[in-house]
Every structure is written in C-alpha cells, then in structure tokens.
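What follows is a set of notes on a single structure, which appears directly below.
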Amino acid sequence: MKRNEGTVDRIIRLVIGVVLIWVGLWPLNGLQVAVGGIVVAVIGLILLITGLTGYCALYSLLGISTKQE
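Converting from the sequence shown to our numbering requires adding 36 to each position, the first position being numbered 1.
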C-alpha cells in the first residue's frame, strides 16, 4: 500500500477520529451505548487507522492523493 494522504490530511483524520470515537462511546444512559454511537465510533476508528497508516482505500479507488511528492 502506497501512502496517499498528506500530513495535514492525516492530522485532521487523527483528530476527528479520536473525537468521533470518544463521542460515539460516551455512555448516554449509564453503561448502555446506542447503536448510533457505535456507528459513530466505528467511523472514528476508520479515520484513526487511515490517519495512522497514511493510506485511504477510497482515495486509491478514486485516484486521489493529498500527499505532496
């Protein structure tokens, strides 16, 4: 996998990913977490992983790269 994300793109993904994971897993009613919260947390996890690896499969499929070469 060749990196296709630039530094700014990666930082934004990392920050938003962490925030979405935190918001998604924040217990709304005791220890019960809503399905919507889990979905938000999974989206955050995807952003976090793509930010850490520097590779986005969707970018690859669309031929997009924000990495400066």
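Note that beta-carbon positions come from the ideal geometry of N, C-alpha and C, so glycine has one too.
The C-beta distance from Ile57 to Ala77 rounds to 5 Å, short enough to meet the 8 Å contact threshold. Between the C-alpha atoms of Ser101 and Gly42 there is a straight-line separation of about 8 Å. In terms of Cβ geometry, Leu84 and Leu61 do not form a close pair [threshold 8 Å]. The stretch 44 to 93 is shown to contain whole alpha helix (DSSP H) runs of 4 or more residues at 71 to 89, in chain order. Taking C-beta atoms under 8 Å as the contact rule, Gly53 and Gly80 qualify, at a distance of about 5 Å.
Here the alpha carbons of Leu97 and Arg39 stand approximately 13 Å from one another.
Here the alpha carbons of Lys103 and Thr86 stand approximately 13 Å from one another.
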